[in-house]
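To keep things clear, I will list the structure first and then write my remarks on it.
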Amino acid sequence: MSKVVLVGANHAGTACANTLLDNYPEHELVIFDRNNNISYLGCGTALWVGRQIESPDGLFYCSKDVFESKNATVYIETEVTHIDFKAKKITAKNKEGKEIVESYDKLVLATGSLPIQPKLPGINLEGVQSVKLFQDAVAADKRMSDPNIKSVAVVGAGYIGVEIAEAVHRRGKKAYLFDVRDTSLCGYYDAELTHDMDAVLQKNGVNLHLNESVVSIDGDTKVTGITTNKGNYQVDMVVLAIGFNPNTALGRDHLKIFGKNQAYLVDLHQQTSDPDVFAIGDCATVFSNALQDTAYIALATNAVRSGIVAAHNLAGTKIASNGVQGSNGISIFGYNMVSTGLTLRAAKEAGFQAMVTEFEDLQRPAFMKENHPVKIRIVYDGDTRRILGAQMASYEDISMGIHMFSLAIEQKITIDHLKLVDIFFLPHFNQPYNYITMAAITAK
Ligand SMILES: Cc1cc2nc3c(=O)[nH]c(=O)nc-3n(C[C@H](O)[C@H](O)[C@H](O)COP(=O)(O)OP(=O)(O)OC[C@H]3O[C@@H](n4cnc5c(N)ncnc54)[C@H](O)[C@@H]3O)c2cc1C
Ligand SMILES: NC(=O)c1ccc[n+]([C@@H]2O[C@H](COP(=O)([O-])OP(=O)(O)OC[C@H]3O[C@@H](n4cnc5c(N)ncnc54)[C@H](O)[C@@H]3O)[C@@H](O)[C@H]2O)c1
Numbered sequence: 296m297s298k299v300v301l302v303g304a305n306h307a308g309t310a311c312a313n314t315l316l317d318n319y320p321e322h323e324l325v326i327f328d329r330n331n332n333i334s335y336l337g338c339g340t341a342l343w344v345g346r347q348i349e350s351p352d353g354l355f356y357c358s359k360d361v362f363e364s365k366n367a368t369v370y371i372e373t374e375v376t377h378i379d380f381k382a383k384k385i386t387a388k389n390k391e392g393k394e395i396v397e398s399y400d401k402l403v404l405a406t407g408s409l410p411i412q413p414k415l416p417g418i419n420l421e422g423v424q425s426v427k428l429f430q431d432a433v434a435a436d437k438r439m440s441d442p443n444i445k446s447v448a449v450v451g452a453g454y455i456g457v458e459i460a461e462a463v464h465r466r467g468k469k470a471y472l473f474d475v476r477d478t479s480l481c482g483y484y485d486a487e488l489t490h491d492m493d494a495v496l497q498k499n500g501v502n503l504h505l506n507e508s509v510v511s512i513d514g515d516t517k518v519t520g521i522t523t524n525k526g527n528y529q530v531d532m533v534v535l536a537i538g539f540n541p542n543t544a545l546g547r548d549h550l551k552i553f554g555k556n557q558a559y560l561v562d563l564h565q566q567t568s569d570p571d572v573f574a575i576g577d578c579a580t581v582f583s584n585a586l587q588d589t590a591y592i593a594l595a596t597n598a599v600r601s602g603i604v605a606a607h608n609l610a611g612t613k614i615a616s617n618g619v620q621g622s623n624g625i626s627i628f629g630y631n632m633v634s635t636g637l638t639l640r641a642a643k644e645a646g647f648q649a650m651v652t653e654f655e656d657l658q659r660p661a662f663m664k665e666n667h668p669v670k671i672r673i674v675y676d677g678d679t680r681r682i683l684g685a686q687m688a689s690y691e692d693i694s695m696g697i698h699m700f701s702l703a704i705e706q707k708i709t710i711d712h713l714k715l716v717d718i719f720f721l722p723h724f725n726q727p728y729n730y731i732t733m734a735a736i737t738a739k
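All the letters of the sequence shown, read from the start, carry residue numbers 296 to 739 under the working numbering.
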């Protein structure tokens, strides 16, 4: 039996804690989280703020009580302030200012990520906010209910920004969406698909401003406007969504870190450079099967799986992570996009002789009434023919198809192998010559 201390109990920490408590009850587990809630699904923020769901109540799936019912000691609203890795002791402070010291045999760091805060004039004005925590969602929702808030600038047209811009528009406010790049969602899809998303946003009333960088947020005490390199806009609120940084302040002086962004470097067992310390979720690196290299991909799905892997390993059951593809999806004004692995641009930047095959067709045979076009792009390595990535977009729900590509990348399947893969046909669902097969067959 050993004593495990877990710092951070959101998606990664919750998965780790539950796996440990359910499978290895002989271990003592002490959990710390500085927040007053755990397991909040951030994906629900835009749904709730945009009133696609009526209440945030269903957006939590675990609690302090659940851990305590399984005999864990839980400190919430208690921040870990220092770790003595040599003495194997952590120091924390609760909201009353009381200091708590705990020793550990094994430590799990699940401290997640923090939204990037750009150094902009006006960044501290009232009305500027990020959307990471449940508290942020509550604050954003309150502002959306204020009739004096008429226009909102969303900075960053990545996943959070696009979703929040839709939510702002759905609440009847004027939504501006700014990005420094020349298209939305540039980290996940190639321009051939993102230009469709740009058009969907604009058609539905979001004011999309690409190739524009914010120079300042304006106002005396409250936000009254935003200035970019191209103009001034009158807005009453600014949402910042320009990406996450790993939250590694507690351990980065002791543990090996990833050069690109200071995430904790972990192996396939989630073990850091200190054998008694594991790191999981957004504070840690992942192994990218597409790149065959270490990478950083902040997603709840990766966080949950890494928590499960760490729990088994620290309890003595050696299991290795499969690595990840960074599979992801988004649905905006009914337009659905899913992707996995590398875009063509990312694959080229990584040094592959990257090639792409694309195809567009109706989801079902033309004689079926309910029918929409689907676009697919498959990125592969021209040298080895290995599939490196895939992207699909449609008003159809094409989401499940991306899982096959995720497995294909993990298993190093070639584009040529895909040509003869057994894919079923039924007019209600798809076509006999379906777009996946056709994209593979037409690959150069
Ligand atoms: C608006 C939004 C929408 C999203 N949508 C999706 C989606 O649809 N799909 C998807 O896969 N991902 C999504 N994500 C990303 C996903 O939420 C993150 O990848 C995920 O939260 C990572 O989980 P984590 O547990 O590693 O880290 P975090 O969620 O960052 O949690 C870290 C925890 O550690 C605690 N902590 C930090 N430092 C300390 C300390 N010193 N002492 C004590 N406690 C500490 C924090 O309080 C927190 O509870 C979304 C994120 C946001 C913000
Ligand atoms: N549907 C989902 O799976 C989902 C939803 C929300 C968030 N997430 C995850 O949460 C994390 C954070 O999301 P995010 O949207 O903050 O990051 P992101 O990486 O998805 O997007 C950040 C965007 O900000 C832009 N940007 C960067 N600096 C800028 C600047 N100074 N001015 C204007 N634009 C700038 C980038 O070009 C990019 O388009 C990501 O890992 C994301 O995948 C996932």
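The beta-carbon is built from N, C-alpha and C at its ideal position, and this holds for glycine as well.
- Within the same chain, Cβ atoms closer than 8 Å to the Cβ of tyrosine 591 are found at Pro541, Phe553, Lys555, Asn556, Ala558, Thr580 and Val581, the five residues on either side in sequence being excluded.
- Counting other Cβ atoms within 10 Å of its Cβ, tyrosine 484 reaches 16 or more and is therefore classed as buried.
- Under the criterion of beta carbons closer than 8 Å, tyrosine 356 and leucine 428 do not qualify as touching, at roughly 16 Å.
- By the neighbour-count criterion, in which 16 or more other beta carbons inside 10 Å mark a residue as buried, cysteine 578 falls on the buried side.
- Annotated three-state conformation of histidine 377 is strand, per DSSP.
- Ligand 2 approaches alanine 452 closely enough that one of its heavy atoms is under 8 Å from the residue's Cβ.
- The segment 503-512 and the segment 376-392 do not touch, with fewer than 3 CB-CB distances between them shorter than 8 Å.
- Counting only the Cα atoms, serine 601 lies some 27 Å from arginine 640.
- Beta bridge pairing from DSSP links asparagine 527 with Thr522.
- Judged by DSSP in its simplified three-state form, aspartate 569 adopts coil rather than helix or strand.
- The residue from Glu507, Asn725 and Ile521 with its alpha-carbon nearest to that of proline 416 is Ile521.
- If the five residues before and after arginine 438 are omitted, its C-beta is found closer than 6 Å to the C-beta atoms of Ile444 and Met532, all from its own chain and listed in chain order.
- Between alanine 703 and valine 674, the C-beta spacing is not below 9 Å.
- Between alanine 605 and valine 403, the C-beta spacing is below 9 Å.
- Scanning the segment 300-373 for uninterrupted beta strand (DSSP E) segments of 3 residues or longer gives 323-328 and 368-371, listed from N- to C-terminal end.
- In this structure, the beta-carbon distance from tyrosine 370 to lysine 298 does not fall below 9 Å.
- Around the beta-carbon of methionine 695, fewer than 16 other beta-carbon atoms lie within 10 Å, marking it exposed.
- At the C-beta level, aspartate 474 and alanine 486 stay beyond 9 Å of one another.
- For threonine 596, the enclosing alpha helix (DSSP H) has its first and last residue at 595-609.
- For glutamine 424, no alpha helix (DSSP H) segment is defined; the enclosing uninterrupted segment is the beta strand (DSSP E) at 423-425.
- Where histidine 504 is concerned, the enclosing beta strand (DSSP E) starts and stops at 502-504.
- Judged by beta-carbon spacing, alanine 405 lies within the 9 Å limit of cysteine 311, meaning their Cβ atoms are closer than that value.
- Within the DSSP secondary-structure output, proline 727 pairs in no beta bridge.
- For the pair of segments examined, the segment 656-669 was found not to touch the segment 613-622: the number of CB pairs separated by less than 8 Å stays below three.
- Excluding the 5 residues flanking it on each side, cysteine 481 has no same chain C-beta neighbour closer than 6 Å.
- Cα atoms of alanine 460 and valine 426: separation of roughly 12 Å, rounded to the nearest angstrom.
- Within the model, the alpha-carbon separation for leucine 560 versus proline 351 is close to 34 Å.
- In this chain, the beta strand (DSSP E) harbouring isoleucine 625 covers 623-627.
- Contact annotation: glycine 451 and glycine 538 have beta-carbon atoms nearer than 9 Å.
- Note on serine 634: 16 or more other CB atoms within 10 angstroms of its CB, so buried under the neighbour-count rule.
- The shortest CA-to-CA distance from aspartate 656 to any of Ala734, Asn331 and Asp571 is the one to Ala734.
- Here glutamine 686 is buried, its C-beta having at least 16 other C-beta atoms within 10 Å.
- The Cβ atoms of serine 446 and alanine 462 do not sit closer than 9 Å to each other.
- Residue pairing from DSSP places alanine 448 in a beta bridge opposite Tyr471 and Val533.
- In this structure, ligand 1 has no non-hydrogen atom nearer than 8 Å to the beta-carbon of lysine 359.
- For proline 727 and valine 716, the gap between their C-alpha atoms comes out near 13 Å.
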